[in-house]
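Novice:
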Amino acid sequence: MNNKTGSDEDKHPPLHRRGLLLVLSSPSGAGKTTLSRALLDREPNIHLSVSVTTRPPRPGEQHGKDYFFHTKAEFEAMRDAGGLLEWAPVFDHLYGTPRPAVETLLEAGNDILFDIDWQGAQQLSEKLAGDVVRVFVLPPSVATLEQRLRDRAQDSDDVVARRMHAASDEISHWAEYDYVIVNHDVTTSLKGLESILAAERLKRERLLGLGAFVRDLQKNL
Ligand code: 5GP
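Remember, the working numbering sits 28 above the position in the sequence shown when you count from 1.
#1: In angstroms, rounded to a whole number, what distance separates the CA positions of H121 and R83?
#2: Roughly how many whole angstroms lie between the Cα atoms of A58 and L43?
#3: Relative to the C-alpha of F103, which candidate in L67, L52, S56 and G124 has its C-alpha closest?
#4: Just to confirm, is the Cβ distance from L235 to D139 under 8 angstroms?
#5: Here's a check: name, in chain order, each residue in its chain whose Cβ is nearer than 7 angstroms to the Cβ of V160, leaving out the five neighbours to either side.
#6: On a CA-only basis, which of P87, A171, H193 and T81 is nearest K100? Give me that one, please.
#7: Output yes or no for whether 8 angstroms exceeds the beta carbon distance between R178 and V165.
#8: Can you tell me the Cα-Cα spacing of Q246 and A66, whole angstroms?
#9: Let me know the secondary structure DSSP gives G124 once reduced to three states.
Below, the structure written as structure tokens:
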């Protein structure tokens, strides 16, 4: 057996990890946005993909932080030029993921968080299958869902009623996801989400150079 020192270990071929795409979907009001903001606060190595939308900003929302707010014509021009990785109509408006930002972050080995609906999750999974980790967030009850939509107090009664109706459609896609979190409280859900992220980051397929690294380890045994 070779008696190797700590400094020799540094000479093994480098290990890199492929960035992953963590997709969070849920019916509107299930607490997904709060959860994703909490994750971003705690995890410096994951970046939010800021979507483009034709929806008008809600009070307090900022262009470039919450969304890139654009007209329908601007959105369609971006989409037709291939600038969107995925896009979908949601509640009378168009939403999409800008492609260049995602590509730049992935190439640099970063993880990216997506707050997008089931249509976007499907499209990302088709395009980047092995890199996508899908998490569906469920409300603990219908009453909680409605209360959260009302507490948000930023949408009219009519919008709240329509979002309640749409919740059923969104929820019907739960089985297309890798993980499901029932969001009773943010603290517990955040722990679950962080555990998912930690485990997914350790997946063998995401570690580049692992074969060479292990062969080198064996060579020295
Ligand atoms: P909201 O208008 O409440 O911000 O978002 C409405 C829905 O659109 C949410 O379910 C949200 O996840 C989804 N959404 C936001 N951005 C995108 C996107 O870029 N692509 C897709 N497919 N859905 C999105």
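C-beta atoms are modelled at their ideal positions from N, C-alpha and C, and glycine is treated no differently.
Specialist: Put simply:
#1: For the purposes of this step, residue 121 is taken as residue 93 along the sequence shown, with counting starting at 1. For the purposes of this step, residue 83 is taken as residue 55 along the sequence shown, with counting starting at 1. Their backbone Cα atoms lie some 6 angstroms apart in a straight line.
#2: For the purposes of this step, residue 58 is identified with residue 30 of the sequence shown, where counting begins at 1. For the purposes of this step, residue 43 is identified with residue 15 of the sequence shown, where counting begins at 1. Looking at the backbone, the Cα of A58 and that of L43 are separated by about 38 angstroms.
#3: Looking up residue 103 in the sequence shown gives position 75. The shortest Cα separation from F103 among L67, L52, S56 and G124 belongs to G124.
#4: Locating residue 235 in the sequence shown gives position 207, counting from the first residue. Locating residue 139 in the sequence shown gives position 111, counting from the first residue. Cβ atoms of L235 and D139: not closer than 8 angstroms.
#5: The sequence position of residue 160 within the sequence shown is 132, counting from 1. For V160, the CB contacts under 7 angstroms within the same chain, skipping 5 residues up- and downstream, are L49, V51, L152 and S153 in chain order.
#6: Residue mapping note: residue 100 aligns to position 72 of the sequence shown, counting from 1. Of the candidates P87, A171, H193 and T81, the residue whose Cα lies closest to the Cα of K100 is T81.
#7: Here residue 178 is taken as the residue at index 150 of the sequence shown, counted from 1. Here residue 165 is taken as the residue at index 137 of the sequence shown, counted from 1. Going by C-beta atoms, R178 is not nearer than 8 angstroms to V165.
#8: Taking the sequence shown and counting its residues from 1, one reaches residue 246 at position 218. Taking the sequence shown and counting its residues from 1, one reaches residue 66 at position 38. Their Cα atoms are separated by approximately 42 angstroms.
#9: Numbered from 1 along the sequence shown, position 96 holds the residue referred to as residue 124. G124 sits in a strand when the DSSP states are folded into three classes.
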